[in-house]
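Line by line, the protein sequences give chains A and B.
Under the working numbering, the first residue of the first sequence carries the number 2, and numbering increases by one thereafter.
Under the working numbering, the first residue of the second sequence carries the number 448, and numbering increases by one thereafter.
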Amino acid sequence: MGADTTSTQLIFFIAATVVATATAGIFTGVVTDLTGKASIRAKSFGDELASEVEIINDPSAVVTSPETLFYVKNTGATTLDHTRVTVLVDGAIVSTTNELMDGETTFRPGAVLKITYAATLPAGDHRVAVVMDNGVRDEMRFRI
Amino acid sequence: MGFDVTAANVIFFVAALSIGSVALGAYWHNAGYIEEAQRGAEDRAAARAHTNMSVQSASYNPGLDRFRLTLANTGSEVITVSGLRYFVDGVYVSGATIERVEVLGAGSTDLWLPMEVLELDLRPIDPSPTHFQVVAANGVKANWRS
Numbered sequence: 002m003g004a005d006t007t008s009t010q011l012i013f014f015i016a017a018t019v020v021a022t023a024t025a026g027i028f029t030g031v032v033t034d035l036t037g038k039a040s041i042r043a044k045s046f047g048d049e050l051a052s053e054v055e056i057i058n059d060p061s062a063v064v065t066s067p068e069t070l071f072y073v074k075n076t077g078a079t080t081l082d083h084t085r086v087t088v089l090v091d092g093a094i095v096s097t098t099n100e101l102m103d104g105e106t107t108f109r110p111g112a113v114l115k116i117t118y119a120a121t122l123p124a125g126d127h128r129v130a131v132v133m134d135n136g137v138r139d140e141m142r143f144r145i
Numbered sequence: 448m449g450f451d452v453t454a455a456n457v458i459f460f461v462a463a464l465s466i467g468s469v470a471l472g473a474y475w476h477n478a479g480y481i482e483e484a485q486r487g488a489e490d491r492a493a494a495r496a497h498t499n500m501s502v503q504s505a506s507y508n509p510g511l512d513r514f515r516l517t518l519a520n521t522g523s524e525v526i527t528v529s530g531l532r533y534f535v536d537g538v539y540v541s542g543a544t545i546e547r548v549e550v551l552g553a554g555s556t557d558l559w560l561p562m563e564v565l566e567l568d569l570r571p572i573d574p575s576p577t578h579f580q581v582v583a584a585n586g587v588k589a590n591w592r593s
């Protein structure tokens, strides 16, 4: 076996090693990226499963004057962000002010959030929906 | 088969092992997290299904301006007394308005066991209430209307 053959084999060896390393690196990177994204999605889904809220108003006696008050209880197992709540009254998003009750500082499990909608609702059937930041929601129908 | 092919195979094998361990580790971690959250959600749903309360009587004493209620735990779940929330005529009642909450015959306790009766005094409440609602920690409600 001459020097030319050895050189050729060495070149093939180096080329094969470089190509294999590059390909393996790309696959590893792709799989690592996918598993990272899957972990984020799984955490989000798990948090959603662990989160629950309940509108606890008495549907037969909702305070609607001079402003409408809704009370939401955290009945799940996670602390929620009470500053990022979307409230829909009769299907329309409304602007509200939110305040934690009973001296609570976070919307932890068991805590109650008072939502004030600065408007008086007319007599009749109504529907309120509260949607938390992570998509967890509750809805209540009531009559005035 | 030369060294080049063998080297490539070794590299692919090591990469496959590494990818497999990363993917499998992430799968088990994520599956465990979701399973735990799902189990928690099922436990809460079961507890709610077994929680039930009923208002047995409600009376307003205008002289004392006191609203006394007796409630029965008619479910099979233990209810936390400190977790109860009250609404009188649609208004959230808290703090000093709750004069007394007592599980009858149980002394000083925070646990309201099935079949036990809870007595609640609210004051000042004016005028005589027409609606009352109690909410357990898990969101189960019981209502009373005059």
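Every residue gets a Cβ at the ideal spot worked out from N, C-alpha and C, and that includes glycine.
Keep in mind the model is a prediction, meaning the values are calculated, not measured.
Work out the CA separation of residue j and residue i for me, nearest whole Å.
i                      : j                      : result
residue 38 of chain A  : residue 133 of chain A : 23 Å
residue 588 of chain B : residue 43 of chain A  : 33 Å
residue 561 of chain B : residue 521 of chain B : 6 Å
residue 20 of chain A  : residue 484 of chain B : 44 Å
residue 103 of chain A : residue 477 of chain B : 36 Å
residue 554 of chain B : residue 566 of chain B : 12 Å
residue 18 of chain A  : residue 12 of chain A  : 10 Å
residue 94 of chain A  : residue 88 of chain A  : 6 Å
residue 503 of chain B : residue 564 of chain B : 9 Å
residue 65 of chain A  : residue 509 of chain B : 26 Å
residue 71 of chain A  : residue 57 of chain A  : 8 Å
residue 584 of chain B : residue 90 of chain A  : 25 Å
residue 501 of chain B : residue 491 of chain B : 20 Å
residue 135 of chain A : residue 458 of chain B : 43 Å
residue 46 of chain A  : residue 470 of chain B : 19 Å
residue 4 of chain A   : residue 22 of chain A  : 27 Å
residue 487 of chain B : residue 16 of chain A  : 54 Å
residue 450 of chain B : residue 465 of chain B : 22 Å
residue 74 of chain A  : residue 115 of chain A : 9 Å
residue 55 of chain A  : residue 475 of chain B : 32 Å
residue 126 of chain A : residue 549 of chain B : 37 Å
residue 489 of chain B : residue 68 of chain A  : 37 Å
residue 97 of chain A  : residue 120 of chain A : 10 Å
residue 105 of chain A : residue 542 of chain B : 13 Å
If you measure from the beta carbon of residue i to each beta carbon in chain D, is any gap under 8 Å?
i                    : result
residue 3 of chain A : Going by chain labels, chain D is absent from the structure shown, which instead holds the protein chains A and B.
Ordered along the chain, which non-local residues of its own chain (more than five positions away) have a Cβ less than 6 Å from that of residue i?
i                      : result
residue 533 of chain B : 540, 581
residue 544 of chain B : 569
residue 524 of chain B : 494, 497, 498
residue 124 of chain A : 145
residue 590 of chain B : 580
residue 575 of chain B : 507
residue 515 of chain B : 506, 568
To which residues of the same chain is residue i closer than 7 Å at the C-beta, ignoring the five residues directly before and after it?
i                      : result
residue 592 of chain B : 577, 578
residue 51 of chain A  : 77, 78, 79
residue 512 of chain B : 570, 571, 572, 573
Pick out whichever of the options has its Cα sitting closest to the Cα of residue i.
i                      : options                    : result
residue 100 of chain A : A:84, A:110, A:91          : A:84
residue 107 of chain A : A:70, A:80, A:27           : A:80
residue 529 of chain B : A:49, A:18, A:112          : A:112
residue 14 of chain A  : B:455, B:556, B:525, B:471 : B:455
residue 506 of chain B : B:497, B:498, B:517, B:496 : B:517
residue 118 of chain A : A:34, A:145, A:129, A:27   : A:129
residue 467 of chain B : A:24, A:109, A:29          : A:29
residue 572 of chain B : B:536, B:451, B:551        : B:536
residue 480 of chain B : A:49, A:126, A:73, A:23    : A:49
residue 82 of chain A  : A:138, A:120, A:109, A:68  : A:109
residue 86 of chain A  : A:131, A:33, A:67          : A:131
residue 531 of chain B : B:559, B:453, B:461, B:472 : B:559
residue 122 of chain A : A:9, A:63, A:35, A:7       : A:63
When DSSP labels each residue in this structure, what does residue i get in the three-state scheme?
i                      : result
residue 117 of chain A : strand
residue 483 of chain B : helix
residue 42 of chain A  : helix
residue 497 of chain B : helix
residue 477 of chain B : helix
residue 124 of chain A : coil
residue 18 of chain A  : helix
residue 5 of chain A   : helix
residue 50 of chain A  : helix
residue 221 of chain A : One cannot answer for residue 221 of chain A here, as it falls past the ends of chain A, which runs 2 to 145.
residue 456 of chain B : helix
Give every residue of the same chain whose Cβ lies closer than 8 Å to the Cβ of residue i, excluding the five residues on either side of it in the sequence, and list them in chain order.
i                      : result
residue 60 of chain A  : 141, 142, 143, 144
residue 25 of chain A  : none
residue 452 of chain B : none
residue 586 of chain B : 495
- [ ] Identify each residue in the region 53 to 77 of chain A for which the Cβ-Cβ distance to at least one residue of chain B is less than 8 Å, and report them in chain order.
- [x] Taken in chain order, the members of the region 53 to 77 of chain A whose beta-carbon sits within less than 8 Å of a beta-carbon on chain B are 53, 55, 57, 58, 59, 61, 62, 63, 64, 70, 72, 74, 76, 77.
Task: Residues from the region 23 to 37 of chain A in contact with chain B, defined by Cβ distance under 7 Å - done: 25, 28, 29, 32, 33, 36
- [ ] Report the residues of the region 78 to 103 of chain A with a CB closer than 8 Å to any CB of chain B, ordered along the chain.
- [x] 78, 102, 103
- [ ] Could you list the residues in the region 104 to 121 of chain A with a C-beta less than 8 Å from some C-beta on chain B, going in chain order?
- [x] 111, 113, 115
TODO: Below 8 Å between beta carbons is the criterion; list the residues of the region 516 to 540 of chain B that meet it against any residue of chain A, in chain order.
DONE: 530, 532, 534, 536, 537, 538, 539
- [ ] Compile a chain-ordered list of the residues in the region 451 to 470 of chain B whose CB is closer than 7 Å to at least one CB of chain A.
- [x] 451, 452, 454, 455, 458, 459, 462, 465, 466, 469, 470
- [ ] Name, going along the chain, the residues of the region 496 to 514 of chain B whose beta-carbon falls closer than 8 Å to a beta-carbon of chain A.
- [x] none
Task: Residues from the region 544 to 555 of chain B in contact with chain A, defined by Cβ distance under 7 Å - done: Across the region 544 to 555 of chain B, no CB contact with chain A closer than 7 Å is found for any residue.
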